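Working notes for the structure below.
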Amino acid sequence: MKTAVFSTRRYDKTMLARANAAAGHELRFLEDRLTAASAPLAAGCEAVCVFVNDSVDAEVLAILAQHGVRLVATRSTGYNQIDAAAAERLGIAVVRVTDYSPYSVAEFAVGLLLAVNRKIARASWRTREGNFDLEGLMGFDLHGKTVGVIGTGKIGTIFARILSGFGCTLLGHDRYPSAAFEALGGRYVSVGELLASSDVVSLHCPLTEETRHIVNAASLARAKRGSILVNTSRGGLVDTEAATEALKTGQLGGLAIDVYEQEANLFFQDLSSTIICDDVIQRLVSFPNVIVTGHQAFFTEEAIGQIMQTTIDSISAFERGEALVNRIPKS
282 MKTAVFSTRR
292 YDKTMLARAN
302 AAAGHELRFL
312 EDRLTAASAP
322 LAAGCEAVCV
332 FVNDSVDAEV
342 LAILAQHGVR
352 LVATRSTGYN
362 QIDAAAAERL
372 GIAVVRVTDY
382 SPYSVAEFAV
392 GLLLAVNRKI
402 ARASWRTREG
412 NFDLEGLMGF
422 DLHGKTVGVI
432 GTGKIGTIFA
442 RILSGFGCTL
452 LGHDRYPSAA
462 FEALGGRYVS
472 VGELLASSDV
482 VSLHCPLTEE
492 TRHIVNAASL
502 ARAKRGSILV
512 NTSRGGLVDT
522 EAATEALKTG
532 QLGGLAIDVY
542 EQEANLFFQD
552 LSSTIICDDV
562 IQRLVSFPNV
572 IVTGHQAFFT
582 EEAIGQIMQT
592 TIDSISAFER
602 GEALVNRIPK
612 S
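Just so we're aligned, residue 282 is where the sequence shown starts under the numbering used here, counting upward by one.
Put into structure tokens, the structure is as follows:
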């Protein structure tokens, strides 16, 4: 089946080609992000394969439909970049990756927490310059601290399990409580109580209209002073400007993010020789108690392999006219 694969990097080509070896689909790899301008590149293809920062809005979907596209497969669990209602109207099926190694993101979130708390990145840069002074590098023990987990699905619960091994008290918030989280000794509370009581807050919930900016100026004002916020889920969960203000006042003691609300024009590309005009992210990375990474929490061999295999399997099922087990829910 002819498939245009947008936003591809070398690792995408390698891993997707490996997953496609048996299926034999005709894959057209494109480095371009999917936009209204680039959508015609899918001409002659029945499917497109997209990623988190591709634009799959109503305008783009209409162009794809005009060129004969009948399937959109996103190499991600989240699909908030896709106008599901428009796809349904146009008769375009949309599939996602419902499950891949949850350990990849959970482990990375713990790594970010340790890095920002113990000033690991700062210490590393110092020693490269011959500075072995400890001044300014003090952190705190995680043992005995309270960790709040917003979103206790597979990833959030694994994150909680790892932190339970550090001897942390666990608080959770989720519309759908998890018995596995409670089995760890976790207790469910309101968002307000979680923020007010937690030394560390980690976000693991999907981005919806309900959760957009769940961390904002008002909620940060209620948070425990000096707490650390970790976000490896979706950038839109955090009002970044509000978080910046909270860092400036010391209300927020540290911030570690692998996602950013305006990441679409930044992440997954080398801008080291470019003037970055995003003043918000530039200000953030200047803070000594902030760590920003470029949406890499999912980036392990195991996770990428599962993502690519699931994507190819969905394309194959569509080609054969079979039920699409990874189809997104109808809007």
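For each residue, glycine too, the CB sits at the ideal point set by N, CA and C.
These figures come from a predicted structure and were not determined experimentally.
Inset, instruction - Assign R299 to one of three DSSP states: helix, strand, or coil. - result: Reading the sequence shown from its first residue, position 18 is the one you call residue 299. If DSSP states are grouped into helix, strand and coil, R299 belongs with the helices.
Inset, instruction - Label A460 either buried or exposed according to how many other C-beta atoms from any shown protein chain fall within 10 Å of its C-beta, with 16 as the threshold for buried. - result: Translated into positions along the sequence shown, residue 460 becomes position 179. By the neighbour-count rule (16 or more Cβ atoms within 10 Å), A460 is not buried but exposed.
Legend entry - Residue range of the alpha helix (DSSP H) that includes L552: Along the sequence shown, read from residue 1 onward, the residue named residue 552 stands at position 271. For L552, there is no enclosing alpha helix (DSSP H), as DSSP gives it neither H nor E.
Legend entry - Unbroken beta strand (DSSP E) run spanning F310, endpoints: What you label residue 310 is simply residue 29 of the sequence shown in a count that begins at 1. Where F310 is concerned, the enclosing beta strand (DSSP E) stretches over 307 to 310.
Inset, instruction - Could you tell me the distance, in whole angstroms, from the CA atom of I431 to the CA atom of G473? - result: Position 150 of the sequence shown, counted from the first residue, corresponds to residue 431. Position 192 of the sequence shown, counted from the first residue, corresponds to residue 473. For I431 and G473, the distance between alpha carbons rounds to 11 Å.
Inset, instruction - Give me whichever residues DSSP pairs with G535 in a beta bridge. - result: For the purposes of this step, residue 535 is taken as the residue at position 254 of the sequence shown. Beta-bridge pairing links G535 to I509.
Legend entry - Reduced DSSP secondary structure (H/G/I, E/B, other) of V571: The residue given as residue 571 occupies position 290 in the sequence shown. In the structure shown, V571 adopts extended strand secondary structure according to DSSP, grouped into three states.
Inset, instruction - Taking K283 as the reference, give the member of G349, F580, Q550, C326 with the closest Cα. - result: Translated into positions along the sequence shown, residue 283 becomes position 2. When each option's Cα is compared against that of K283, the closest is C326.
Inset, instruction - For the stretch 340 to 351 and the stretch 571 to 581, state whether three or more C-beta atom pairs, one from each stretch, are separated by less than 8 Å. - result: Segments in contact, no.
Legend entry - the stretch 355 to 370 contacting the stretch 387 to 397, beta-carbon criterion three pairs below 8 Å: These segments do not touch.
Inset, instruction - Answer with buried or exposed for M419, where buried requires no fewer than 16 other C-beta atoms within 10 angstroms of its C-beta. - result: Here residue 419 is taken as the residue at index 138 of the sequence shown, counted from 1. Exposed.
Inset, instruction - Quickly, what does DSSP pair K283 with across the bridge? List them, please. - result: Taking the sequence shown and counting its residues from 1, one reaches residue 283 at position 2. DSSP output for K283 lists E307 as bridge partner(s).
Legend entry - Cα-Cα separation between R290 and G535, rounded to whole angstroms: Taking the first residue of the sequence shown as 1, we reach residue 290 at position 9. Taking the first residue of the sequence shown as 1, we reach residue 535 at position 254. Their backbone Cα atoms lie some 32 Å apart in a straight line.
Legend entry - Residues bridged to Y469 (per DSSP): The residue labelled residue 469 in the question sits at position 188 within the sequence shown. Per DSSP, G453.
Inset, instruction - Tell me whether the beta-carbon of L308 lies closer than 7 Å to the beta-carbon of L322. - result: Translated into positions along the sequence shown, residue 308 becomes position 27. Translated into positions along the sequence shown, residue 322 becomes position 41. Not in contact: L308 and L322 (Cβ atoms no closer than 7 Å).
Inset, instruction - Can you give me the start and stop residues for the beta strand (DSSP E) that G392 sits inside? - result: Along the sequence shown, one-based indexing puts residue 392 at 111. Unbroken run through G392 is the alpha helix (DSSP H), 383 to 398; no beta strand (DSSP E).
Legend entry - DSSP three-state assignment for L488, whether helix, strand or coil: Here the question's residue 488 lines up with position 207 in the sequence shown. In this structure, L488 counts as coil in the three-state DSSP scheme.
Legend entry - Where G517 falls: helix, strand or coil (DSSP): Translated into positions along the sequence shown, residue 517 becomes position 236. Helix at G517.
Inset, instruction - Determine which residues share a DSSP beta bridge with T355 and list them. - result: Translated into the one-based positions of the sequence shown, residue 355 becomes position 74. In the DSSP output, where bridge partners are listed per residue, T355 has V331.
Inset, instruction - Please confirm whether G437 and H485 have their CB atoms less than 7 Å apart. - result: To locate residue 437, count along the sequence shown from 1; it is residue 156. To locate residue 485, count along the sequence shown from 1; it is residue 204. One thing to note: G437 has its Cβ within 7 Å of the Cβ of H485.
Legend entry - Of the residues T295, A303, D364, A504, the one placed nearest G263, counting alpha carbons only: Examination of residue 263 is not possible in this model, given that the chain is present from 282 through 612 alone.
Legend entry - Three-way DSSP call (helix, strand, coil) for V428 in this model: As a position in the sequence shown, residue 428 is number 147, starting the count at 1. If DSSP states are grouped into helix, strand and coil, V428 belongs with the strands.
Inset, instruction - Reducing DSSP to helix, strand and coil, say where R608 ends up. - result: Position 327 of the sequence shown holds residue 608. In this structure, R608 counts as strand in the three-state DSSP scheme.
Legend entry - E582 versus L533 - alpha carbon distance: Taking the sequence shown and counting its residues from 1, the one referred to as residue 582 is at position 301. Taking the sequence shown and counting its residues from 1, the one referred to as residue 533 is at position 252. Spanning the two alpha carbons is a distance of roughly 34 Å.
Legend entry - Assigned secondary structure, V337 (DSSP; H/G/I helix, E/B strand, else coil): In the sequence shown, residue 337 corresponds to position 56, counting from 1. In this structure, V337 counts as strand in the three-state DSSP scheme.
Inset, instruction - Determine contact between the stretch 395 to 406 and the stretch 447 to 460, defined as no fewer than three beta-carbon pairs at a distance below 8 Å. - result: Output reads no: the stretch 447 to 460 does not touch the stretch 395 to 406.
Inset, instruction - Can you say whether A328 is buried or exposed, counting buried as having 16 or more other CB atoms within 10 angstroms of its CB? - result: Taking the first residue of the sequence shown as position 1, residue 328 is located at position 47. So A328 counts as buried.
Inset, instruction - Going by CA-CA distance only, name the one from K611, A523, T592, S508 that's closest to R564. - result: In the sequence shown, the residue the question calls residue 564 occupies position 283. With distances taken between Cα atoms, R564 lies closest to A523.
Inset, instruction - Could you tell me which residues DSSP pairs with A374 in its beta bridges? - result: Walking along the sequence shown from the start, residue 374 turns up at place 93. A374 pairs with L352.
Inset, instruction - May I ask you to list the residues that DSSP assigns as paired with I439? - result: In the sequence shown, the residue the question calls residue 439 occupies position 158. None; I439 has no bridge partner.
Legend entry - Bridge partner(s) assigned by DSSP for I363: Along the sequence shown, one-based indexing puts residue 363 at 82. Under DSSP, I363 takes part in a beta bridge, and its partners are V337.
Legend entry - Secondary structure of S445, DSSP reduced to three states: In the sequence shown, the residue the question calls residue 445 occupies position 164. The answer is helix: DSSP assigns S445 an H, G or I state.
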